[in-house]
Structure formats: structure tokens, C-alpha cells
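Peer 1: In my numbering, the protein residues as written are -7 to 150. Note that beta-carbon positions come from the ideal geometry of N, C-alpha and C, so glycine has one too. First the structure, then my questions, so here it is.
Structure (C-alpha cells):
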């Protein structure tokens, strides 16, 4: 459960906290690291599902920021979400670029935020593996059950 700072969208519960569920003596650092990546991916998947239930069509996700430098991370995201995940050419400066594009749109210098697409290119694409995606769907159900079971312990409600 990746909730170090509580949970925000779409659950909005600042009281829930992070935890590892199902640890055994045989688990090592690599298992815990992978569990953190998967927990964050499951949680972001809940956000993707919320967008889809609002009518958004999501065929792929473009990754930016420091995490986008990790091939392992992007493959986990692709496998958990069952969507292609693409690394853009502008990774570290993406937030600043986004702010600049929004400012340019606000000033009327650029017609829309779509201009941001032309400022970087796709450098790599991570395609989901069907077998891993199927296994992650089962794990995502356990993730949901764990969240529902632990949430009352920390306080707050869904």
C-alpha cells in the first residue's frame, strides 16, 4: 500500500498510510522494491479507471519526470495497466515545459496545450505483456481488498 502521505484522488482519505501486506521471511529488498513499484502502479491504475468511467479514452500513457528514466518502472506500469507506456524525449524538464505551455496558452501566444506534443518525441515504448497483465489483474483485486481492509484501521472512510 503506497500511501505515505495519505490517499488523494480518487479516494480522498488523508488518514490512510503505507504498509506491506503478506510479507514472509523469504522476502528481500528486491521484493520490497518491486512491491512499492507495483503498489504505486495499482493506485495510479485506479485513477486511470476513474478517468475512463468519466468517458475518457486512454490508449497509451506518456511518461515524464525522473521515474520515466527507468525501463523497469515503465514496464511495470505498462503491464499493470495493460496499456503501452511511452517515454518522451523531455523527461526532467517536463513540469517546467508544461507550465510554460500553460502560460503561453493563457497569454494567447499558443492556441492550446496540444502544442506541447510537438516539443518532444517518443523515445521508447513499453508494451504490456498479456501474461503479466492477467496476473496483475488478480493482484490488483488483492490490492483493493487490502485497501478496503486496512482503511478503517487508519481512520477515515471512502
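In whole angstroms, what separates the C-alpha of residue 97 from that of residue 40?
Peer 2: Within the chain shown, numbered from 1, the residue matching residue 97 stands at position 105. Within the chain shown, numbered from 1, the residue matching residue 40 stands at position 48. Rounded to whole angstroms, residue 97 to residue 40 spans 26 angstroms at the Cα level.
Peer 1: Out of 146, 62 and 70, which has the shortest C-alpha to C-alpha gap to residue 84?
Peer 2: Your numbering for residue 84 matches position 92 in the chain shown. Of 146, 62 and 70, the residue nearest in Cα terms is 62.
Peer 1: For residue -5 versus residue 8, is the C-beta spacing smaller than 7 angstroms?
Peer 2: Residue numbering aside, residue -5 sits at position 3 when the chain shown is read from its first letter. Residue numbering aside, residue 8 sits at position 16 when the chain shown is read from its first letter. Yes, these two residues count as a Cβ contact at 7 angstroms.
Peer 1: Please classify residue 53: does DSSP put it in a helix, a strand, or coil?
Peer 2: Residue 53 sits at position 61 when you count from the first residue of the chain shown. Strand at residue 53.
Peer 1: For residue 80, which of helix, strand or coil comes out of DSSP?
Peer 2: Counted from its first residue, the chain shown places residue 80 at position 88. Of the three classes helix, strand and coil, the one that applies to residue 80 here is strand, per DSSP.
Peer 1: Can you tell me which residues form a DSSP beta bridge with residue 5?
Peer 2: Here residue 5 is taken as the residue at index 13 of the chain shown, counted from 1. In the DSSP output, where bridge partners are listed per residue, residue 5 has -1.
Peer 1: Hey, residue 70 and residue 77: beta-carbon distance below 7 angstroms or not?
Peer 2: As a position in the chain shown, residue 70 is number 78, starting the count at 1. As a position in the chain shown, residue 77 is number 85, starting the count at 1. Result yes, Cβ atoms of residue 70 and residue 77 sit closer than 7 angstroms.
Peer 1: Classify residue 94 as buried or exposed, calling it buried when 16 or more other Cβ atoms lie within 10 Å of its own Cβ.
Peer 2: For the purposes of this step, residue 94 is taken as residue 102 along the chain shown, with counting starting at 1. Label assigned to residue 94: exposed.
Peer 1: With 16 other CB atoms within 10 Å as the buried threshold, where does residue 30 fall?
Peer 2: If you number the chain shown from 1, residue 30 lands on position 38. Residue 30 is buried by the Cβ-count criterion.
Peer 1: Look up residue 48 in the DSSP assignment and say whether it is helix, strand or coil.
Peer 2: Position 56 of the chain shown holds residue 48. Note: residue 48 maps to coil in three-state DSSP.
Peer 1: Out of curiosity, what's the CA-to-CA distance linking residue 80 and residue 91?
Peer 2: Along the chain shown, read from residue 1 onward, the residue named residue 80 stands at position 88. Along the chain shown, read from residue 1 onward, the residue named residue 91 stands at position 99. Near 17 angstroms, if we compare the C-alpha coordinates of residue 91 and residue 80.
Peer 1: Would you list the one or two residues that DSSP bridges to residue 114?
Peer 2: Taking the chain shown and counting its residues from 1, one reaches residue 114 at position 122. According to DSSP, which records beta bridges pairwise, residue 114 is partnered with 80.
Peer 1: Can you say whether residue 37 is buried or exposed, counting buried as having 16 or more other CB atoms within 10 angstroms of its CB?
Peer 2: Locating residue 37 in the chain shown gives position 45, counting from the first residue. Under this definition residue 37 is a buried residue.
Peer 1: By how many angstroms is the C-alpha of residue 115 removed from the C-alpha of residue 55?
Peer 2: Here the question's residue 55 lines up with position 63 in the chain shown. Here the question's residue 115 lines up with position 123 in the chain shown. Roughly 10 angstroms between the two C-alpha positions.
Peer 1: Are the CB atoms of residue 64 and residue 33 within a distance shorter than 7 angstroms?
Peer 2: Stepping through the chain shown from its first residue, residue 33 is reached at position 41. Stepping through the chain shown from its first residue, residue 64 is reached at position 72. Cβ atoms of residue 33 and residue 64: not closer than 7 angstroms.
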